[in-house]
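Quick notes on the structure that follows.
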Amino acid sequence: MNHDEILNIPEPEAEELFGMIEGSMDGLRRMYVLRGALEEGVFEKLKRPKDPRAMARESGMDEGLAILLCESLTAMGLLEPDGHGNYVNSKMAATYLVRGSPHAQERSLQWTWTGMERWKDLRRYLRSGPDLIRRTDF
Numbered sequence: 000m001n002h003d004e005i006l007n008i009p010e011p012e013a014e015e016l017f018g019m020i021e022g023s024m025d026g027l028r029r030m031y032v033l034r035g036a037l038e039e040g041v042f043e044k045l046k047r048p049k050d051p052r053a054m055a056r057e058s059g060m061d062e063g064l065a066i067l068l069c070e071s072l073t074a075m076g077l078l079e080p081d082g083h084g085n086y087v088n089s090k091m092a093a094t095y096l097v098r099g100s101p102h103a104q105e106r107s108l109q110w111t112w113t114g115m116e117r118w119k120d121l122r123r124y125l126r127s128g129p130d131l132i133r134r135t136d137f
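If you number the sequence shown the way numbering that gives the first Met the number 0 does, the last residue is 137 and the count never jumps.
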């Protein structure tokens, strides 16, 4: 590659590619934040306002990461700050993400996690085809 080719910015510009990648990574991070919160029982712990440090101490989480988790869940609309350093479930989280709620979506989310895991094996599927699940009688 010569000097002129290096200085010439190609079309489309690389920012377009990296913008698409970053947007995809944001979605993936949000899914893992949600999954981690569900696995740690965060929504059960935050039925009433609670300081994330106290929640962390009670459940063995790292305090700094518990704060970041609560901030991320707030940005996702799943928690609400109370103005005193505490967080509580949003109406959406209370309705759909608390175990035992009449509208809890645990089963649906389990299928989502299973699907996420399968996407990690895309290269294998591209080479050998999809997994086949045998039909069984119930």
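Every residue gets a Cβ at the ideal spot worked out from N, C-alpha and C, and that includes glycine.
By the CB criterion at 8 Å, N88 and K49 fall outside the cutoff. Close CB contacts of E79 within its chain, under the 6 Å cut and outside five residues either way in sequence, are with V87, S89 (chain order).
Excluding residues up to 5 positions away in sequence, L96, L108 lie with their Cβ nearer than 7 Å to the Cβ of L37 in the same chain. Apart from sequence neighbours up to five positions away, no residue of its chain approaches L6 with a beta-carbon distance below 8 Å. L78 carries a strand assignment under DSSP once its states are collapsed to helix, strand and coil. In the DSSP assignment, V32 falls within the alpha helix (DSSP H) that extends over 13 to 38. Counting C-beta pairs with one atom in each stretch, the region 66 to 77 and the region 24 to 37 have three or more that are closer than 8 Å, which means they touch. By the Cβ-count criterion, P11 is exposed, with fewer than 16 other Cβ atoms from all chains shown falling within 10 Å of its own Cβ.
In this chain, V87 is not harboured by any alpha helix (DSSP H); it is covered by the beta strand (DSSP E) spanning 86 to 88.
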